[in-house]
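Protein chains: 4
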Amino acid sequence: MSDYQSPAVSRERLREDFLRIRHQSVAACRPLAIDDYQLQSMPEASPPKWHLGHVTWFFETFLLQPFVRDYPAFHPQFHYLFNSYYNTVGPMQPRPERGLLSRPTVEQVYQYRAHVDAAMAALIEGCEEAQWPALRARVTLGLNHEQQHQELFYMDLKHHFSLNPLRPAYRADLPQPPAAEAAPLGWIDGAEGLIEIGRAGDGFAYDNEGARHPTYLTPYRLADRLTTNGEYLEFIQDGGYDQADLWLADGWAHIQRNGWRHPLYWIEQGEQWQEFTLGGPRPLDPATPVSHISYYEADAFARWADKRLPREAELERELARRPLEGNLHDPKALHPRPGHGQWYGDLWEWTASPYTAYPGFSPPAGAIGEYNGKFMCNQMVLRGGCCVTPQAHLRPSYRNFFYPRDRWMFSGIRLAEDV
Amino acid sequence: MSDYQSPAVSRERLREDFLRIRHQSVAACRPLAIDDYQLQSMPEASPPKWHLGHVTWFFETFLLQPFVRDYPAFHPQFHYLFNSYYNTVGPMQPRPERGLLSRPTVEQVYQYRAHVDAAMAALIEGCEEAQWPALRARVTLGLNHEQQHQELFYMDLKHHFSLNPLRPAYRADLPQPPAAEAAPLGWIDGAEGLIEIGRAGDGFAYDNEGARHPTYLTPYRLADRLTTNGEYLEFIQDGGYDQADLWLADGWAHIQRNGWRHPLYWIEQGEQWQEFTLGGPRPLDPATPVSHISYYEADAFARWADKRLPREAELERELARRPLEGNLHDPKALHPRPGHGQWYGDLWEWTASPYTAYPGFSPPAGAIGEYNGKFMCNQMVLRGGCCVTPQAHLRPSYRNFFYPRDRWMFSGIRLAEDV
Amino acid sequence: MSDYQSPAVSRERLREDFLRIRHQSVAACRPLAIDDYQLQSMPEASPPKWHLGHVTWFFETFLLQPFVRDYPAFHPQFHYLFNSYYNTVGPMQPRPERGLLSRPTVEQVYQYRAHVDAAMAALIEGCEEAQWPALRARVTLGLNHEQQHQELFYMDLKHHFSLNPLRPAYRADLPQPPAAEAAPLGWIDGAEGLIEIGRAGDGFAYDNEGARHPTYLTPYRLADRLTTNGEYLEFIQDGGYDQADLWLADGWAHIQRNGWRHPLYWIEQGEQWQEFTLGGPRPLDPATPVSHISYYEADAFARWADKRLPREAELERELARRPLEGNLHDPKALHPRPGHGQWYGDLWEWTASPYTAYPGFSPPAGAIGEYNGKFMCNQMVLRGGCCVTPQAHLRPSYRNFFYPRDRWMFSGIRLAEDV
Amino acid sequence: MSDYQSPAVSRERLREDFLRIRHQSVAACRPLAIDDYQLQSMPEASPPKWHLGHVTWFFETFLLQPFVRDYPAFHPQFHYLFNSYYNTVGPMQPRPERGLLSRPTVEQVYQYRAHVDAAMAALIEGCEEAQWPALRARVTLGLNHEQQHQELFYMDLKHHFSLNPLRPAYRADLPQPPAAEAAPLGWIDGAEGLIEIGRAGDGFAYDNEGARHPTYLTPYRLADRLTTNGEYLEFIQDGGYDQADLWLADGWAHIQRNGWRHPLYWIEQGEQWQEFTLGGPRPLDPATPVSHISYYEADAFARWADKRLPREAELERELARRPLEGNLHDPKALHPRPGHGQWYGDLWEWTASPYTAYPGFSPPAGAIGEYNGKFMCNQMVLRGGCCVTPQAHLRPSYRNFFYPRDRWMFSGIRLAEDV
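Chains as they are written, first to last, in my numbering: chain A, 1 to 419; chain B, 1001 to 1419; chain C, 2001 to 2419; chain D, 3001 to 3419.
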């Protein structure tokens, strides 16, 4: 865990972390043309410009306004333009129309960032001692929020670019791993018994990771690596998308209605397959983990393979045993890699667990309580982080969640089975 | 549990049960005009005629065809018209178009029933001994299936009639309970610990009730009766439908999009409220349990009341302790009643548990495996049966499931809380 | 023109005509099962029961209520259930939900008819002399209205039945014409010049047929028969549905979106084509006029043939010269027939003329003014009647109108060209 | 008529006109930020960047490729990205997704323009004499095409900006006319008789303006100015949007479904009305012509006023008598102005005439034939140009056309009546 998430962090250290993490958002935009900042390819995928503004609004709304006396808003309408979904705070620009905001310009949004960064730095240094613990906690939340949007930035941009027939590369210089055989698939046994899951220790965690509580596991096994493109191709070639009995009813209806025949970014070129990546189109590598998969597809694949998807407690138990390292954002591959283990990073792993409240879950009062709790319906939990997740953002207890139909995020498959 | 579900049931007894349960479907239709049999008010709600045909098709397809040598289908296209969702068996009439089947006529559907009933009675009596256990099990499944559709018949018909501006009564002679005060709300404590849930014993149960398995409960309390119309009205009058922070994000979006302001069958008449029932419109009774509530509304009400909905294991534990009796189909009130306890009957109780596979869940091979398993996504579990559930159809481990947006079934609210 | 449309018609004669025409609606329903009366396969196609009720409502609303002192409505809610689109009269059952009216039952609707018929007969006989001209005119309108719905009855029923996989025949005993060669296509020349079109004489006509007015025609030619199935099949086999440049932009978008590849009721059976008719499915006869064609298809066919569709003035001029006879309702073929001329009957002929107001068009005041005028946008004129049009209902100046996408009515193609 | 449209224009003059008109597209973009170039607020309204690219593609596709031997395309995919609707030429970027083209960047589109401009200038100077007449005609078409998109640029941009809560001004310095009384409404009589309409002389005209042909007019009168905001406000205040009998059936359905209560760009601020303009929001001026009105609204207003809309022949006759001058693009008001006459400019005037082929209409072969003809269905003709129409682009016979529901263009109302 990075220092800024420790309860003992100093003001100086937090200020440094703040500026460093804030800077990472800007650095991620460096390869963009001004033209790219406003793309919105679907309601779920926000424009880069909006991400930059929204995370700044978060600090302005939840830090500067409550903690700085008479803080004047940078712009009287930004609270409307850059609110995402916090109804308690007020109304907001409808999500599907974020791409219509040509104004403020990119330049003005960077000015907004600079203004808020300066005010934040001053606040961290100068706030009264009595406020310091609350401030520190809130800044930590804000930085985790910013890191979440850094992840989303990559996922959203990939989707935006994928719909441009020119298929632009976010970065044309991304290294491509050498061709390799996939590792043979092995299994890790998980014993029956009562375990505890949920937030542990006093470091930062989202509210949805608590309360820590006992849960009972029946015996199971987990695959020791992610499912590969090659394995998924077998499923396709075996008619996986044509056999109704492999699919959940909602999944079958969804793939029929949308004409899905393969993962989101696969492109059939005659007899060859390509995959669209943040480095542009590449030949599909059979040993690389299959990515950009919906829950429906992950579940159908598992049924075809006569396995199932892991439960979130099974994965958390395994993650808690292992070092927090892997193909995360920091290597900047920006794509999953062939390999083994792959517990952290590479791809968010779909679990068979719907996203619900843990026993004793209690969201904070006010708008911050809208952060996680109101999404506890119709979504599934994913675990483990992916190739665009900042390392300092993860924990074993981290619960990501998406709708079963979603697949623009870096999602993948780890098989499991009952013993 | 009724005899027909016992592994020791005799052929004679099963034949009698078969004919009795089959007859109940016909008896339920007695108050209908021919004109009513074909109503389809929405894709989810099937016409009475279709229910009558479909349950018959189930016996023809899963009993007569596999168990009777050279059984000739009653009609070469009924397998298409009356298949509901069994893709393994073949294609089917699209669900939203069941109301377009003016042919076969009602009369022909009754001929179909008579034909299949006779063949089934002969099969039960005459099948070879070696086949008897398999036959008995499959007939039991078919009868449970028919009972499920008997329940649906009432729910669907209520919806069909509700959209007719004449607001017809299914039965004008239904007794209306005398006005009464609601019982004060008490609480039942549930202790922490490891319990077992799922199918118990060797009687009939659906595949989704297994495997029986341990689950850990943290301490909780359950309300000792259902939430009443009067209590729900307070929620409305307190602006419950206008406060975004009481709602799940998907629920808020749903009530906005559909303009929901009250339970499905409430009708505002000036300053008074009426409720549409199977006996036609009635003044809203404050002491009667609130019914025809979506999960979104149940969840919002619970949040407003500073409580939560029960988990399915909590309810099952309580149900397993209590006699299987209540306001079920047999009293033929066809509407919930004011009261106390209300563990079985009155209304299906929304739980906070998404409908997922139990550890060790294993659906049978073939089409029968489509019965329950493929719906294990996006739906929530409801427990306890309702005022149109046949008593013999229920068990403590019975898991009903609907989408969070659904509310045309007899659904209601029991509050719970963590201790 | 039938007597009842003459300004000199006697009371006795009008009463007889009234009862005769009213009876024809009932007679048309004789082959139906009760089950069929409530079918609504799409919003545009109303159930037989609703047609029977609506035309009766028309007499109750526009005759009995204004002309009979203290006339009590047969039922207090029928004005809501059976109003079609007369906003001036009050709100109405939404058109897409006419199929949900299982009540009133068919029997009750026939009681409604009997009640209104008796009251109407008494009114015709007994009304005061001063009211007689107004009454006579309004009854004539009501009878024309009923005849229009008799036509619609057949078109709607054909659509309802076509969606039933059993493909029921409305009448299994309909004669099928012997196989024949199509007549060779000849042309009728139309000279340049100023002509008059619109209602002529003092017989009944709808308001949209006036005012009679001059219009200038440039020289043209009209085909001397309708386009046949065989000719349309050539268009299909030549890739007509795949060539964007043959289609209007809206037509091309429409056939893409809906996957149209052939006329509405054509059924491809291996290498053979069948056509669904009111007598059930039949082999496609190449010499029979192609029917159930949208304007988009008629227009694309004409472009493919290097011709165009006629203007309505061109067709009216030709119709006015010819005897009002043909394959209309009275022969009761209920299907177009191979032949020559085919000016009246067989199929409504699409014209290239949008449905707009003639110079001097002036609808009557009040609800009756909603009859025709408010549809003068987005629709095209069709001329000449069809095989289910009552002969007494037609005139040379008769203007029918449908949306370019519509094709459930008996519509066909007559080619034209500039000279 | 501008010189470049004359058949006698010299090469030098055409080259100058070409460069001048091309430059006007660039000049119109000068007030934009890069951020603005990619806005697409609805499928019908294209981004500025796309307009710039598309008009350039038109010259590349229809001039450089056919007239320059071995002309290499500037970019191999621009034919796909910038084709609008010419199916004959090949597939194209779907219209609703033009806003997703962040690449090519604005800079690259300007390079594309420069490249094509240079090649075009060389072609005009250097083409062989035998090709000159065909080239000249095609360049003239291309320039008219570019001018049409210059008009659309303003209309589309106004719509894009209107959806930004910041309500940006395209030009903050636009002059606002001084408050004035509206001129009293007078009437111009039009005599009965046969007239000729359609393209006249040998100057440029679109194919849809031919053939010139006789048409017969019954006596009528035309208002001598456009309907004002003040007059339209009376219609609103008189409940115009609540009275079904004022509306076409399709119009009534449309305003209900979309919740329309006023013209597109009116904004209610307490008791005051504002109007969004290319200069930002302004107080609504009662004397200014009401603009951004759908056909449905124009027609309902006329019915409320007991008038009708003009036929296109009536307007063309009047336009042909008058000097081609008015509040067009050149004064650069970019908004209608109070006044009198207003025959050319200010607002495109809805006519009661559906857009159909004139007798003898004959589109050119090939893709150019798709320019106008395929839209001759479901749209209405508008006449007279507007405040963003280049003066050199208009003619008395000019036929603009839009769907009855459209209102993002500068459209307005001139009343008419039968005499």
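For every residue, glycine included, the Cβ atom is placed at its ideal position computed from N, Cα and C. None of these values were measured; they are calculated from a predicted model.
Interface partners of residue i on chain D, CB under 7 Å
i, result
"C:Lys2307", "Here the premise fails: no neighbours, minimum Cβ distance about 13 Å."
Euclidean distance between Cα positions of residue i and residue j
i, j, result
"C:Glu2012", "D:Gly3193", "46 Å"
"B:Pro1364", "B:Glu1314", "28 Å"
"B:Asp1207", "B:Tyr1085", "17 Å"
"A:Asn229", "C:Leu2039", "50 Å"
"A:Met1", "A:Gly345", "For A:Met1, the predicted structure reports a pLDDT of 46, less than 50, and the residue's modelled location is therefore unreliable. A value from the coordinates is still provided. Their backbone Cα atoms lie some 15 Å apart in a straight line."
"D:Ala3333", "D:Glu3325", "14 Å"
"B:Glu1016", "B:Thr1140", "12 Å"
"C:Tyr2358", "C:Arg2405", "24 Å"
"D:Gln3147", "C:Arg2311", "33 Å"
"A:Pro390", "A:Ile368", "22 Å"
"B:Arg1261", "B:Ile1255", "8 Å"
"A:Pro43", "A:Ala134", "34 Å"
"C:Trp2341", "C:Leu2226", "One detail in the question is off: residue 2341 of chain C reads as Gly in this sequence, not Trp. Their Cα atoms are separated by approximately 8 Å."
"D:Gln3237", "C:Ala2244", "47 Å"
Under 7 Å by beta carbon: chain B residues contacting residue i
i, result
"A:Tyr216", "Leu1194, Pro1214, Thr1215, Tyr1216"
Bounding residues of the beta strand (DSSP E) (the contiguous stretch that carries residue i)
i, result
"B:Tyr1220", "1220-1223"
"A:His213", "213-217"
Identified DSSP bridge partners for residue i
i, result
"B:His1075", "In the DSSP output, where bridge partners are listed per residue, B:His1075 has none listed."
"B:Met962", "Nothing about residue 962 of chain B can be reported from this structure: the residues present for chain B run from 1001 to 1419 only."
"A:Met380", "A:Pro354, A:Phe402"
Where the alpha helix (DSSP H) containing residue i begins and where it ends
i, result
"D:Glu3107", "3106-3126"
"A:Leu135", "132-162"
"A:Leu19", "11-28"
"D:Asp3193", "Here residue 3193 of chain D is Gly; the residue named in the question, Asp, does not match the sequence. It is not in any alpha helix (DSSP H) - D:Gly3193 instead sits in the beta strand (DSSP E) that spans 3193-3197."
Interface partners of residue i on chain B, CB under 8 Å
i, result
"C:Glu2097", "Leu1163"
"A:Pro404", "Cys1377, Asn1378"
Neighbouring residues, chain C, relative to residue i (Cβ below 8 Å)
i, result
"B:Leu1284", "None at all; the shortest Cβ gap to chain C is about 23 Å."
"D:Pro3354", "Pro2354, Thr2356"
"B:Leu1278", "Going along chain C, no residue has its Cβ under 8 Å from B:Leu1278, so there is no contact; the nearest lies around 15 Å."
Per-residue contacts from residue i into chain A (C-beta, under 9 Å)
i, result
"D:Thr3105", "Ala33, Ile34, Asp35, Asp36"
Contacts that residue i makes with chain A (C-beta to C-beta distance below 8 Å)
i, result
"B:Leu1248", "Lys374, Phe375, Met376, Cys377"
Within chain C, partners of residue i - CB distance below 7 Å
i, result
"D:Asp3418", "Pro2359, Gly2360"
Partner residues on chain C for residue i, Cβ-Cβ distance less than 9 Å
i, result
"D:Glu3426", "The question about residue 3426 of chain D has no answer, for chain D in this structure spans 3001 to 3419."
inquiry  = Under 8 Å, CB to CB, which of the residues in the segment 76-93 of chain A have a partner in chain D?
reply    = Gln77, Tyr80, Leu81, Gln93: these are the residues of the segment 76-93 of chain A whose beta carbon lies less than 8 Å from some beta carbon of chain D, given in chain order.
task = Check each residue of the segment 384-397 of chain A: if its Cβ is closer than 7 Å to any Cβ of chain B, include it; give the result in chain order.
result = Per Cβ criterion, the list is empty.
query = If contact means a Cβ-Cβ distance below 7 Å, which residues of the segment 1318-1348 of chain B contact chain C?
reply = Within the segment 1318-1348 of chain B, no residue has a Cβ that lies closer than 7 Å to any Cβ of chain C.
ask   = Using a beta-carbon distance cut-off of less than 9 Å, what residues from the segment 3141-3173 of chain D approach chain A?
value = Listed by position along the chain: His3160, Phe3161, Leu3163, Asn3164, Pro3165, Leu3166, Pro3168.
ask   = When Cβ atoms are compared, which residues of the segment 240-269 of chain A fall closer than 8 Å to chain B?
value = Cβ proximity to chain B below 8 Å picks out Ala244, Asp245, Trp247, Leu248, Ala249, Asp250, Gly251, Trp252 from the segment 240-269 of chain A.
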